[in-house]
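Take a look at the structure below.
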Amino acid sequence: MSLFSLILHASLPVQLVMAGLVLMSLLSWGVIFNKLAVLGRTRRVTQDFEQKFWSGVDLNSLYETSRVNTDAAGSEKLFQAGFAEFLKLRRQNGMDASEQLDGARRAMRAAAQRELDALDHHNAFLATVGSVSPYIGLFGTVWGIMHAFIGLGNAGQATLATVAPGIAEALIATAIGLFAAIPAVVAYNRFAADVDRLAGRFDSFMEEFSNILQRLAAR
Numbered sequence: 001m002s003l004f005s006l007i008l009h010a011s012l013p014v015q016l017v018m019a020g021l022v023l024m025s026l027l028s029w030g031v032i033f034n035k036l037a038v039l040g041r042t043r044r045v046t047q048d049f050e051q052k053f054w055s056g057v058d059l060n061s062l063y064e065t066s067r068v069n070t071d072a073a074g075s076e077k078l079f080q081a082g083f084a085e086f087l088k089l090r091r092q093n094g095m096d097a098s099e100q101l102d103g104a105r106r107a108m109r110a111a112a113q114r115e116l117d118a119l120d121h122h123n124a125f126l127a128t129v130g131s132v133s134p135y136i137g138l139f140g141t142v143w144g145i146m147h148a149f150i151g152l153g154n155a156g157q158a159t160l161a162t163v164a165p166g167i168a169e170a171l172i173a174t175a176i177g178l179f180a181a182i183p184a185v186v187a188y189n190r191f192a193a194d195v196d197r198l199a200g201r202f203d204s205f206m207e208e209f210s211n212i213l214q215r216l217a218a219r
């Protein structure tokens, strides 16, 4: 009654359930590692850019350097969008300071939403895996136990040796379902919290940068 032999001798529907759960688990782990890298990079790039931003560097020179940076992310993307829109509106005749500031804010909000959408990508998949995997595993278990009892009914004699293998192979489906669901749920909650913290950081940067732009527009 090794684990491998129980899986190998399980009924076809239970084997399909197990295979599907293993595939979902592998995909979710791929998403987890990818999102760890993306979120980590965004936090690091945002931290580095904001340190440079608040170091007193000239905004025009910072923008010229930033707009050719293909690895920009996080707050740097907001700065690029907001300052580019501010400069474009500033060059237009008849555009007052409030209109310049409103345009820059709208550009930054759009950039922030794009950044958050990218950071939130595949979170729904993790939530789906975490919510449905236990039920899929339970379906495999119910089917396996039903199949085992049907076989016992046809055999006409029930002993522990004949009952145990069928029940054990059925319960493996639930175990695999939990194995797929638990990491996905933990990762989803962690990533959702990370995205919320970055959203708050983006909001703070937009407000502080808007104050700077307001002073520039008033000149």
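Going by the UniProt record's numbering, the residue at position 179 of the sequence shown is 179; the numbering climbs one at a time, nothing skipped.
Even for Gly, the Cβ is constructed at its ideal location relative to N, Cα and C.
**Message:** I need the DSSP call for Met-108, collapsed to helix, strand or coil.
**Reply:** Three-state DSSP puts Met-108 in a helix.
Requested in this report: Classify Met-24 as helix, strand or coil using the three-state DSSP reduction.
Outcome: DSSP places Met-24 in helix when its eight states are reduced to three.
inquiry  = Can you tell me whether Ser-98 is buried or exposed? The criterion is at least 16 other CB atoms within 10 Å of its CB, across all chains shown.
reply    = Around the beta carbon of Ser-98, a 10 Å sphere encloses fewer than 16 other beta carbons of the protein chains shown; the residue is thus reported as exposed.
**Asked** How is Thr-65 classed by DSSP in three states: helix, strand or coil?
**Response** Three-state DSSP puts Thr-65 in a helix.
Worksheet entry | Contained beta strand (DSSP E) runs [length at least 3] in the region 77-144, N- to C-terminal order | Complete beta strand (DSSP E) runs here, min 3: none at all.
Measuring only the C-alpha atoms, how far is Asp-96 from Leu-116? Their Cα atoms are separated by approximately 31 Å.
Leu-78, buried or exposed, once every other Cβ within 10 Å from all chains shown has been counted against 16: Leu-78 counts as buried, since at least 16 other C-beta atoms from the protein chains shown sit within 10 angstroms of its C-beta.
Would Ser-75 and Thr-46 qualify as a contact pair, given that the criterion is a beta-carbon distance under 7 Å?
Yes, Cβ-Cβ distance for Ser-75 and Thr-46 is below 7 Å.
Given 8 Å, three or more beta-carbon pairs between the region 126-145 and the region 51-61: Touching, no.
* Out of Ala-184, Phe-179 and Arg-105, which has the shortest C-alpha to C-alpha gap to Phe-202? -> The shortest CA-to-CA distance from Phe-202 to any of Ala-184, Phe-179 and Arg-105 is the one to Arg-105.
Quiz item: Excluding the five sequence neighbours on either side, which residues of its own chain have a C-beta within less than 6 Å of the C-beta of Gly-140, listed in chain order?
Solution: So the qualifying residues of the chain are Val-14, Val-17 and Ala-173.
Is it right to say Ile-32 is buried, meaning 16 or more other beta carbons lie within 10 angstroms of its own, or is it exposed?
Within 10 angstroms of the beta-carbon of Ile-32 lie 16 or more other beta-carbons, which makes it buried.
Apply the 10 Å Cβ neighbour rule to Val-195 and answer buried if 16 or more other Cβ atoms are within range, or exposed otherwise. Buried, because 16 or more other Cβ atoms sit within 10 Å of the Cβ of Val-195.
Looking at Ser-133: is its Cβ nearer than 7 Å to the Cβ of Ala-192?
Against a cut-off of 7 Å, the Cβ pair of Ala-192 and Ser-133 comes out as no contact.
Please report how far the alpha carbon of Leu-59 lies from the alpha carbon of Asn-93, in whole angstroms.
Roughly 22 Å between the two C-alpha positions.
Checklist line | Lys-35 versus Phe-149, Leu-138, Ile-167 and Asp-120, residue with shortest Cα-Cα distance | finding: Distance check between Lys-35 and each of Phe-149, Leu-138, Ile-167 and Asp-120 places Asp-120 closest, using alpha-carbon atoms only.
Q | Pick from Leu-138, Ile-136 and Ile-167 that is closest to Ile-145, judged by C-alpha positions | A | For Ile-145, the closest alpha carbon among the candidates Leu-138, Ile-136 and Ile-167 is that of Ile-167.
For Val-57, three-class secondary structure by DSSP
Assignment of Val-57 by DSSP, reduced to helix, strand and coil, places it in the coil class.
*asked:* Can you give me the C-alpha to C-alpha distance between Asn-189 and Trp-143, rounded to a whole angstrom?
replied: Going from the Cα of Asn-189 to the Cα of Trp-143 covers about 31 Å.
Applying the 10 Å Cβ sphere with the 16-neighbour rule, what's the burial state of Leu-37? Sequence check: residue 37 is Ala here, not Leu. In the assembly as shown, Ala-37 is an exposed residue. Its beta-carbon has fewer than 16 other beta-carbons within 10 Å.
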